[in-house]
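Residue numbers (our numbering): 782 to 950.
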């Protein structure tokens, strides 16, 4: 129970910082990681510490490719690692799946809010229609193709909450 309360506290603070500053502070990651490993070791011994270590490594590994491709920041990678350290590898896999769903929903909302959804639809249409028709439509849209970002720490937090509800249900 203490680990769940700690995890919820960490994701709330991380989500707040990610929304406000678009950064997840390292002090929060370090606090969650160290406290998680200590609590796992004290409460469950080496077996729980093993699960925490595997969860931490797997959580970070799951987001390494998106990080390398500049799809998300290092704070997001480290935050999912903390989730794994606090709840283990099975929970982090479940959270990863839920956060992908929430991240997709948030990305769609961000695209609609920024007006960039039209360009996305036109780019998808380019694979089905003759290129000159799509080019004309893109030129007429006059919408810039700037990068739309979302605070993925919030998606991770929603993934954690969804995983907790899923396990509880």
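Each residue gets a CB set at the ideal place from its N, CA and C atoms; glycine is no exception.
All of these numbers come straight from a predicted model, not from anything done at the bench.
I'd like to know if residue i contacts chain D, where contact means its C-beta is closer than 8 angstroms to some C-beta of that chain.
i, result
"residue 863", "In the displayed structure, chain D is absent; only one protein chain is listed."
Please state whether the Cβ-Cβ distance between residue i and residue j is less than 8 angstroms.
i, j, result
"residue 850", "residue 861", "no"
"residue 817", "residue 833", "yes"
"residue 788", "residue 867", "yes"
Could you tell me how far apart the beta carbons of residue i and residue j are, in whole angstroms, since I believe they sit closer than 8 angstroms?
i, j, result
"residue 873", "residue 882", "Going by Cβ atoms, the distance from residue 873 to residue 882 rounds to 15 angstroms, so no, they are not a contact pair."
"residue 933", "residue 845", "Between residue 845 and residue 933 the Cβ distance is about 14 angstroms, and since that is not below 8 angstroms, they are no contact."
"residue 836", "residue 870", "4 angstroms"
"residue 829", "residue 884", "Rounded, the Cβ-Cβ distance is 29 angstroms, inconsistent with contact."
Under 7 angstroms Cβ to Cβ from residue i, same chain only, skipping five residues before and after it: list those, please.
i, result
"residue 898", "892"
Sorted by chain position, which residues of the same chain lie with C-beta nearer than 6 angstroms to residue i's C-beta, five sequence neighbours on each side aside?
i, result
"residue 947", "none"
"residue 859", "810"
Can you name, in chain order, every residue of its own chain whose Cβ lies under 8 angstroms from the Cβ of residue i, other than the five neighbours on each side?
i, result
"residue 809", "791, 794, 795, 798"
For the segment 802–865, list the alpha helix (DSSP H) runs that are entirely contained and at least 4 residues long, ordered along the chain. 807–843, 845–849
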